[in-house]
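2 protein chains.
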Amino acid sequence: MAELLKVSRGAEFFYLGDTARVPYGIRSTETVRRYALECALFLKEFGIDTLVVACNTASARAVDYLREKLPELEIFEVITPAVERVVREATASVGVIGTPSTVGSGVYKREILKRRKDLEVLQRATPLLVPLVEEGLLEGEITDAVLRHYLSPWVGRIDTLLLGCTHYPLLEGAIRKLFPSWRVVNSAKPLAEFLKGKFNGEGENRVHLFFTDRSAFLERFLASVRLNGALKEPEIVSL
Amino acid sequence: MAELLKVSRGAEFFYLGDTARVPYGIRSTETVRRYALECALFLKEFGIDTLVVACNTASARAVDYLREKLPELEIFEVITPAVERVVREATASVGVIGTPSTVGSGVYKREILKRRKDLEVLQRATPLLVPLVEEGLLEGEITDAVLRHYLSPWVGRIDTLLLGCTHYPLLEGAIRKLFPSWRVVNSAKPLAEFLKGKFNGEGENRVHLFFTDRSAFLERFLASVRLNGALKEPEIVSL
């Protein structure tokens, strides 16, 4: 949302965070699809014509299903733009980290190899990173121990690390400190670049925030994004 | 469930694991209550007369609400039996760990001090422990780093550690290794002791398992509990 706002003008955004049922990345495909459809139907009530699925797990598991169920919406996902950035930048070997569901889908590996057969793609599910971020542990002993556990085996093996989850950019500082030689790509910026000029109207952007639970993470999240003038008070809704 | 089976005979159990919406411990009280009521209403359809809330967060946040909404059920929770064990065994100072919701409720501290004003009670929310257990990281570098992060400040300050979450007993080995001088109390065994003889019929116990999602954690869980003859194949249900 933050990245999208930077490249949009005069647009009206309806943002829904399903905080009552996070994390999606540990759930089955059936459940991710059901939840994603419920979210999409909620947003559709506002008369939207475009849906941006800003979650890697839902992008990996539910976008085809959403397009089939809601053919009237133009639906974007976060995977394709990140893949296109990676195949432009990677030298020889790419590491992809994500939730168990995203990594289990194999979508990043498949899409990268479809575009560049010369690249080697390594994948790893890193399920502790979302809880780390949600607890605000963005640096320190635990964070370093967890990151080393997941990523040290790739030292000397990859040149580019793809952060395949919308939570992971918050750990980018810690990752760069521990693994300074890697190129790090996240999915938010490539998506915003991809959608640059798409929402190009008159005046200020308007943002309506909805969440399904007022969790502690939401409180921390709001405390940080309130700095951004475009964001308003959220509404808590039940799906 | 495993502990209850050991102290029951000829009883029929309907077990529901809300795997599609875990973890409860990071959610608001309103959401925990709503989810707990949905679970209870699902189980009530089977004609149960007793409900055991085998989750510390739901016990801390939703039991009074469930008793008000479902006065026809006899409802047990996991907190009181654990508190009674602790006040029998603790010497001077007790540390309580649990989810953010359980610890935020203050229920353990309140109930312990109600019974023994001489005890000092320290509390700490340890939200990474559920994800650690769900990923099967029960020992090793990460587990030790996380446990040290949360618990090292209590070395020399407490004599008894209360594991206020049903996931934590799986980390008991790692905790005892790092902090060998502490008495460790979990909530499953005291609850089973409390309910000993309550379900005392003829023949074998029967267990019907229901889950709301077939997650990877569920697969691992089933692989371990299948060893127990009383447990059958689970059914996946939507609430």
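From first to last, the protein sequence lines are chains A and B. When you read off a place in the first sequence, starting at 1, and then add 2, the result is the number in my numbering. When you read off a place in the second sequence, starting at 1, and then add 2, the result is the number in my numbering. Positions of the beta carbon are idealized from the N, C-alpha and C atoms, including for glycine.
Where residue i falls: helix, strand or coil (DSSP)
| i | result |
| --- | --- |
| A:Phe16 | strand |
| B:Arg36 | helix |
| B:Val239 | coil |
| A:Asn202 | strand |
| A:Val96 | strand |
| B:Leu139 | coil |
| B:Val187 | strand |
| B:Leu229 | Confidence at B:Leu229 is low in this model, with a pLDDT of 45, below 50, so its placement is unreliable and the value that follows should be read with caution. Note: B:Leu229 maps to coil in three-state DSSP. |
| B:Arg29 | coil |
| A:Trp159 | Strictly speaking, residue 159 of chain A in this sequence is Arg, with Trp absent from that position. Coil at A:Arg159, not helix or strand. |
| A:Arg222 | helix |
| B:Arg216 | coil |
Beta-carbon separation (whole angstroms), residue i vs residue j, contact threshold 8 Å
| i | j | result |
| --- | --- | --- |
| A:Gly203 | A:Gly49 | The Cβ separation is near 15 Å, so there is no contact. |
| A:Glu137 | B:Pro129 | 5 Å |
| B:Ala94 | B:Glu113 | The Cβ separation is near 18 Å, so there is no contact. |
| A:Pro155 | A:Ala127 | No, A:Pro155 and A:Ala127 are not in contact; Cβ-Cβ is about 13 Å, not under 8 Å. |
| A:Val105 | A:Pro25 | Actually they are not in contact, since the Cβ atoms of A:Val105 and A:Pro25 sit about 14 Å apart, beyond 8 Å. |
Contacts around residue i, its chain only, beta-carbon distance under 6 Å, and the 5 residues preceding and following it disregarded
| i | result |
| --- | --- |
| B:Leu193 | Val80 and Pro83 |
| B:Phe15 | Val209 |
| B:Asp215 | Thr21 and Ala22 |
| B:Val98 | Tyr110, Gln125, Leu164 and Gly166 |
| A:Gly100 | Asn58, Gly166 and Cys167 |
| A:Ser61 | Val55, Glu79, Val80 and Ile81 |
| B:Met3 | Tyr17 |
| A:Ser10 | Phe201 and Asn207 |
Alpha carbon of residue i to alpha carbon of residue j, nearest angstrom
| i | j | result |
| --- | --- | --- |
| A:Tyr152 | B:Ala92 | 39 Å |
| B:Arg69 | B:Val54 | 12 Å |
| A:His210 | A:Glu237 | 8 Å |
| A:Leu224 | B:Asn207 | 49 Å |
| A:Leu75 | A:Leu43 | 11 Å |
| B:Glu235 | B:Leu18 | 13 Å |
| A:Val89 | B:Ala218 | 31 Å |
| A:Ser183 | A:Asp161 | 7 Å |
| A:Asp51 | A:Lys200 | 12 Å |
| B:Glu47 | A:Asn188 | 47 Å |
| A:Ile28 | B:Leu45 | 25 Å |
| B:His169 | A:Glu195 | 42 Å |
| A:Leu140 | B:Leu139 | 20 Å |
| B:Leu115 | B:Lys8 | 31 Å |
| A:Ile244 | A:Glu143 | The structure shown does not extend to residue 244 of chain A, since chain A spans only 3 to 241, so no value can be given for it. |
| A:Ser107 | A:Thr145 | 26 Å |
| A:Arg63 | B:Phe213 | 21 Å |
| B:Glu221 | B:Val239 | 15 Å |
| A:Lys179 | A:Glu86 | 25 Å |
| B:Asp120 | B:Leu72 | 36 Å |
| A:Leu173 | B:Leu197 | 46 Å |
| A:Glu32 | B:Leu241 | 14 Å |
| B:Phe181 | B:Val157 | 8 Å |
| A:Val135 | B:Val148 | 14 Å |
| A:Ser30 | B:Cys41 | 19 Å |
Same chain only: Cβ atoms within 8 Å of residue i, ignoring 5 sequence neighbours per side
| i | result |
| --- | --- |
| A:Tyr67 | Arg35, Ala38 and Leu39 |
| A:Leu229 | Any reading at A:Leu229 must be qualified, since the residue scores a pLDDT of 45, below 50, and its modelled position is unreliable; no value is offered. |
| A:Glu5 | Ala190, Lys191, Leu193 and Ala194 |
| A:Arg117 | Val85, Glu86 and Val89 |
| B:Val96 | Val88, Ile114, Leu121, Glu122, Val123, Leu124, Ile160, Asp161, Thr162, Leu163 and Leu164 |
| A:Arg150 | Leu180 |
Other residues of its chain near residue i: CB distance less than 7 Å, five sequence neighbours each side excluded
| i | result |
| --- | --- |
| A:Gly205 | Gly12 |
| B:Ile77 | Leu53, Val55, Val65, Leu68 and Arg69 |
| B:Val186 | Leu163, Leu165, Glu174, Ile177 and Arg178 |
Span of the alpha helix (DSSP H) around residue i
| i | result |
| --- | --- |
| B:His151 | Glu143 to Leu153 |
| A:Leu242 | Because chain A in this structure spans residues 3 to 241, residue 242 of chain A falls outside the shown range and cannot be described. |
| B:Arg2 | This structure cannot speak to residue 2 of chain B, because chain B is shown only from 3 to 241. |
| B:Ala190 | Ala190 to Phe196 |
| A:Gly175 | Glu174 to Leu180 |
| A:Arg23 | Note, A:Arg23: premise wrong, no alpha helix (DSSP H); not H, not E. |
| A:Leu7 | Ala4 to Lys8 |
| B:Arg63 | Asn58 to Lys71 |
Limits of the beta strand (DSSP E) - the one that residue i falls within
| i | result |
| --- | --- |
| B:Ile77 | Glu76 to Glu79 |
| B:Glu122 | Glu122 to Ala127 |
| A:Thr52 | Thr52 to Val55 |
| B:Arg208 | Arg208 to Phe213 |
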